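Residue numbers (our numbering), protein chains in the order written: chain A, 2 to 399; chain B, 2 to 399. Idealized CB from N, CA, C, for every residue including glycine. Note that the coordinates shown come from a computational prediction; the quantities given were computed from them, not determined experimentally.
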DNA sequence: AGCAATGTTTACACTGTGTAATTATCGTGC
DNA sequence: GCACGATAATTACACAGTGTAAACATTGCT
């Protein structure tokens, strides 16, 4: 009757406690116990360990009710992590702590046709500058993360930057030397950041597809029970929805990206693709200029909906969050997506079975997503150095 | 340095030992220890437990080498499981043991347009007949499994049998009463059966997509590290690949299924859809009759490849196994699939990055897949009654 | 100051594992 | 037919990590 769930390694237990703190931004012990499904006794033991290691801190708060808790547990500001983000426009490097503070930022413009050698050169320089900054302050990085669009498709290669990926990860590993570094898909970092980092109101809390429409069209299935670092990107951009249609940079015809990417719509509205997302609300005003523009964009949204419906047929989900330029469109125009869904989604679009929501593209806050991802990876490792851990060592051998 | 990986609940440990036995069909202790990453000491303890419970048996064998092992451990024939499979043609019920022996089979024809009431009625009758058989022999079922095409798409509903799924699972649960019963997608059961049940040579051993082209077109990602019961079906059939194309039974136009399902090709070759898969090798001879037939079928295979490429763009995998009518086609005709892949798969088809293989559709051995799935579910539960297990009970509350 | 209500820590028992010592089994060679 | 070598299989013990329950601490209220 006791319903015990005993076995967990210390690392796992620490990880789930720390993850809970990262997601909530700070919690009282009883809450923590509930979230992690541990007893307060265990929480007490783990926290005293983590406090000794200066990974977490206690802040005294007045009790919220009679006899209530007084010690708010938060992640420590002593742990330094780094995040590096590559987008089609720039390479951003940042250093911060586990609470989300960004203490150092450096952004370099890059071209969309960036070659691998060129990138490596730039990367090395940027990291060197960052390390100078950390060395000056005596900071030691506990974790770094690099977010790259199109990353993580194994043998299929990167559809956005056609690079040698094993070489890239080796290169990055070497640059960072002793510091553990995680490389991930930009959209994974972004989804995790939006969903969990408490920087704004996120429209859904259950499993859903996060779809970003930028230079590429990529999604992630945000599965609430799966660790973020196991999320895998969902490259929607190169689904062929119109045989023999518009030519795409991938060499095929009729891809979703050929119709709905920033580059594709920049041709319609006559604004450089790099400017579109930064326009924010003024985007809509801009559209008033051309009468046929909105209609043309609605057609593109319909095609996006068609591809999205196809994707949802493969992997049914009851909720989708869309970010990117479609989120800047007037809400009546966005309805075109539903028309597309009606052409492909099994059973058609039905608000009771599919919730569609939009979230503003978060231009300007790079490399916060990568930084958050670095914090997440640190936390997932239980705040223990992966290199000295026997279990990980064992797995590496195997 | 020791590389210990201690924490596992007894249930998990038992499950991994039993799963290993199910997959291999019997093993010696040292092999078992390696496969489960446990020490021989643990294996010894677990096996003595399982032997007492009569879930496993020991068969004496002459040692394969000096000082070699003599006791081959196998799953017991004492544990009875039931498998029920619904296809568009029939409802098959079987009872067997964990070794794959099928002791009782009953098959009833059903129509493709089966209504839910009608199905429930038939199901109840078939199960009653089966229970009469088990009662006569004093058998007590330890686990049952039901495999249904199109099952498991949550709120999205079943695209093949448009039924009320919560009602269906409730109904099935009630029918079986005390016996634990798992309901799953037919293609999941089939993939697991082909891949793990040692009934034939399976072409790949790594992660891959298993795609079955029958009345529907469905796939499963067979991920070697994920438990089979967590596999989720991949409904490729209703991806729209030709806007405004052929009408599909789902109400949309241009779905993969409208071009490549058994029903679709039965119109081309003039053979009833229910007969196609059972023709086996004579299928090819049949095609010789019509000159344009093969060309028409090749076109359909191209479209299948197009849809497959789209799916692989979303979820990159380096290996695909195809079963169903395409596997009966002459190998030169199957090359049309590659043409389709070349239109959609990022980077085009490349034998070094994508291995395509074919496996004969296993008509006639239903309900072996469901039976195997039942055995798998039993094994996954550690051979313990899930109802008396505190952990499961806890999870059910949550 | 004392009390009620809750939070926090600690002593102890329990589960399940690995290590290492012990015991069992088999084939081989004399 | 019996001792020996090689490996399999079991068992005693130590250790990690959890939950339970009791002890102790803190707070606000009267």
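Q. If you draw a straight line from the alpha carbon of residue 389 of chain A to that of residue 40 of chain A, how long is it in whole angstroms?
A. Here residue 389 of chain A is taken as the residue at index 388 of the first chain, counted from 1. Here residue 40 of chain A is taken as the residue at index 39 of the first chain, counted from 1. Legend: pLDDT at residue 389 of chain A = 49, less than 50; position of this residue unreliable, value from coordinates given subsequently. In a straight line, the C-alpha of residue 389 of chain A is about 28 Å away from that of residue 40 of chain A.
Q. Out of curiosity, what's the CA-to-CA distance linking residue 82 of chain A and residue 163 of chain A?
A. In the first chain, counting from the first residue as 1, residue 82 of chain A sits at position 81. In the first chain, counting from the first residue as 1, residue 163 of chain A sits at position 162. Here the alpha carbon of residue 82 of chain A sits roughly 28 Å from the alpha carbon of residue 163 of chain A.
Q.
Buried or exposed, going by whether 16 or more other CB atoms sit within 10 Å of the CB of residue 399 of chain B?
A. In the second chain, residue 399 of chain B corresponds to position 398, counting from 1. Caution is warranted here: a pLDDT of 34 is assigned to residue 399 of chain B, below 50, making its placement in the model unreliable, and no coordinate value can be reported.
Q: State the Cα-Cα distance for the pair residue 212 of chain B and residue 328 of chain B, rounded to the nearest angstrom.
A: Numbered from 1 along the second chain, position 211 holds the residue referred to as residue 212 of chain B. Numbered from 1 along the second chain, position 327 holds the residue referred to as residue 328 of chain B. Rounded to whole angstroms, the gap between the alpha carbons of residue 212 of chain B and residue 328 of chain B is 11 Å.
Q.
Once the 5 residues before and after residue 298 of chain A are set aside, which same chain residues still bring their CB inside 7 Å of it?
A. Residue numbering aside, residue 298 of chain A sits at position 297 when the first chain is read from its first letter. Result list for residue 298 of chain A: 266, 269, 330, 334, in chain order.
Q. Can you list, in chain order, the stretches of the beta strand (DSSP E) that have 3 or more residues and sit fully within the region 101 to 144 of chain B?
A. Counting only runs of 3 or more, we get 103 to 110.
Q.
For a quick check, are the C-beta atoms of residue 125 of chain B and residue 161 of chain B less than 9 Å apart?
A. For the purposes of this step, residue 125 of chain B is taken as the residue at position 124 of the second chain. For the purposes of this step, residue 161 of chain B is taken as the residue at position 160 of the second chain. Contact check for residue 125 of chain B against residue 161 of chain B fails: the beta carbons are separated by 9 Å or more.
Q | Among A/214, A/68, A/365, A/356, the one whose alpha carbon lies nearest that of residue 301 of chain A | A | The residue you call residue 301 of chain A lines up with position 300 of the first chain. Residue A/214 holds the alpha-carbon nearest to the alpha-carbon of residue 301 of chain A among A/214, A/68, A/365, A/356.
Q: Identify every run of the beta strand (DSSP E) within the region 167 to 211 of chain B, keeping only runs that are complete inside it and at least 3 residues long; order them along the chain.
A: 182 to 186, all fully within the region 167 to 211 of chain B.
Q) Exposed or buried, residue 274 of chain A, counting other C-beta atoms within 10 Å across all chains shown (16 or more means buried)? A) To locate residue 274 of chain A, count along the first chain from 1; it is residue 273. Residue 274 of chain A should be labelled buried.
Q. If the cut is a Cβ gap below 9 Å, which residues of chain B does residue 198 of chain A touch?
A. The residue you call residue 198 of chain A lines up with position 197 of the first chain. Listed along the chain, the chain B residues whose CB falls inside 9 Å of the CB of residue 198 of chain A amount to none; the nearest CB is some 25 Å away.
Q) Residue range of the beta strand (DSSP E) that residue 347 of chain A falls in? A) As a working note, residue 347 of chain A is residue 346 in the first chain. DSSP places residue 347 of chain A in no beta strand (DSSP E); its state is neither H nor E.
Q. In terms of residues, what are the limits of the beta strand (DSSP E) holding residue 95 of chain B?
A. What you label residue 95 of chain B is simply residue 94 of the second chain in a count that begins at 1. Its beta strand (DSSP E) spans residues 91 to 98.
Q. Along chain A, in chain order, which residues have C-beta atoms closer than 7 Å to that of residue 253 of chain B?
A. Looking up residue 253 of chain B in the second chain gives position 252. Against residue 253 of chain B, the close residues of chain A are 344, 345, in the order they occur along the chain (beta-carbon pairs closer than 7 Å).
Q) How many Å lie between residue 262 of chain A and residue 158 of chain B at the Cα? A) Here residue 262 of chain A refers to the residue found at position 261 of the first chain. Here residue 158 of chain B refers to the residue found at position 157 of the second chain. For residue 262 of chain A and residue 158 of chain B, the distance between alpha carbons rounds to 31 Å.
Q) In whole angstroms, what is the alpha-carbon distance linking residue 32 of chain A and residue 72 of chain A? A) The residue labelled residue 32 of chain A in the question sits at position 31 within the first chain. The residue labelled residue 72 of chain A in the question sits at position 71 within the first chain. Roughly 12 Å separates the two Cα atoms.
Q) Which residues of chain A have a Cβ atom closer than 7 Å to the Cβ of residue 258 of chain B, listed in chain order? A) The residue you call residue 258 of chain B lines up with position 257 of the second chain. Here the premise fails: no neighbours, minimum Cβ distance about 10 Å.
Q. What are the partner residues of residue 75 of chain A, as DSSP defines its beta bridges?
A. Counting from one through the first chain, the residue named residue 75 of chain A turns up at place 74. DSSP output for residue 75 of chain A lists A/58 as bridge partner(s).
Q. Along the chain, which unbroken stretches of the beta strand (DSSP E) at least 3 residues long are found entirely within the region 223 to 251 of chain B?
A. Correct list: 234 to 236.
Q. Would you call the region 109 to 126 of chain A and the region 18 to 28 of chain B in contact, with 3 or more CB pairs under 8 Å?
A. No, the region 109 to 126 of chain A is not in contact with the region 18 to 28 of chain B.
(Q) Rounded to whole angstroms, what is the Cα-Cα separation between residue 109 of chain A and residue 356 of chain B? (A) Locating residue 109 of chain A in the first chain gives position 108, where the first residue counts as 1. Locating residue 356 of chain B in the second chain gives position 355, where the first residue counts as 1. Their Cα atoms are separated by approximately 41 Å.
Q) Quick one: is residue 202 of chain B buried, meaning 16 or more other Cβ sit within 10 Å of its Cβ, or exposed? A) On the second chain, position 201 is the one that residue 202 of chain B refers to. Counting Cβ neighbours within 10 Å, residue 202 of chain B comes out exposed, since fewer than 16 surround it.
(Q) Could you tell me the alpha carbon to alpha carbon distance between residue 190 of chain A and residue 69 of chain A, rounded to whole angstroms? (A) Your numbering for residue 190 of chain A matches position 189 in the first chain. Your numbering for residue 69 of chain A matches position 68 in the first chain. Using only the alpha carbons, I get a separation of about 36 Å.
Q.
Looking at chain B, is there any beta carbon in it that lies within less than 9 Å of the beta carbon of residue 240 of chain A?
A. Along the first chain, one-based indexing puts residue 240 of chain A at 239. Contact with chain B is found for residue 240 of chain A, since one of that chain's Cβ atoms lies less than 9 Å from the residue's Cβ.
Q: Take the Cβ of residue 396 of chain B as the centre, count every other Cβ of all protein chains shown within 10 Å, and call the residue buried at 16 or more, exposed below.
A: Indexing the second chain from 1 puts residue 396 of chain B at position 395. Reliability fails at residue 396 of chain B, whose pLDDT of 41 lies under 50, so the model's placement of it is uncertain and no value is given.
Q) Would a check of beta-carbon distances place residue 314 of chain B closer than 9 Å to chain A? A) Here the question's residue 314 of chain B lines up with position 313 in the second chain. The beta carbon of residue 314 of chain B sits closer than 9 Å to some beta carbon of chain A.
(Q) For chain B, check one thing: does any of its Cβ atoms lie closer than 9 Å to the Cβ of residue 112 of chain A? (A) Within the first chain, the letter at position 111 stands for residue 112 of chain A. No, its Cβ sits nowhere closer than 9 Å to a Cβ of chain B.
(Q) Can you look up residue 63 of chain B in the DSSP assignment and give me helix, strand or coil? (A) Taking the first residue of the second chain as 1, we reach residue 63 of chain B at position 62. In the structure shown, residue 63 of chain B falls within a coil segment according to DSSP collapsed to helix, strand and coil.
Q: Over the uninterrupted alpha helix (DSSP H) stretch that includes residue 310 of chain A, give me the two end residues.
A: Along the first chain, one-based indexing puts residue 310 of chain A at 309. Where residue 310 of chain A is concerned, the enclosing alpha helix (DSSP H) stretches over 292 to 315.
**Q.** Contact the region 234 to 247 of chain B vs the region 306 to 325 of chain A: 3+ CB pairs below 8 Å
**A.** Short answer: they touch.
Q) residue 362 of chain B: buried (16+ other C-beta within 10 angstroms of its C-beta) or exposed? A) Taking the first residue of the second chain as position 1, residue 362 of chain B is located at position 361. Residue 362 of chain B should be labelled buried.
Q: Use the C-beta contact count for residue 62 of chain B: other C-beta atoms within 10 angstroms, 16 or more gives buried, fewer gives exposed.
A: By one-based count along the second chain, residue 62 of chain B stands at place 61. Per the 10 Å Cβ criterion, exposed.
**Q.** Buried/exposed call for residue 258 of chain A, threshold 16 Cβ in 10 Å
**A.** Here residue 258 of chain A refers to the residue found at position 257 when the first chain is read from its first residue. The residue in question, residue 258 of chain A, is buried, as its Cβ has 16 or more Cβ neighbours within 10 Å.
Q) Do we get a CB-CB distance below 9 Å when we pair residue 228 of chain A with the residues of chain B? A) Residue 228 of chain A sits at position 227 when you count from the first residue of the first chain. Output row for residue 228 of chain A: interface = no.
Q) Looking only at DSSP bridge pairs, what is residue 11 of chain B linked to? A) As a first step, residue 11 of chain B must be located in the second chain, where it is residue number 10. Looking at the DSSP assignment, residue 11 of chain B forms no beta bridge with any residue, so it has no partner.
Q: Might you give, ordered along the chain, the residues of its own chain that have their beta carbon closer than 8 Å to the beta carbon of residue 305 of chain A, omitting 5 neighbours on each side?
A: The residue given as residue 305 of chain A occupies position 304 in the first chain. Excluding its 5 nearest sequence neighbours in each direction, residue 305 of chain A has C-beta neighbours in its own chain below 8 Å: 214, 218, 257, 260, 261, 327, 338, 341, listed in chain order.
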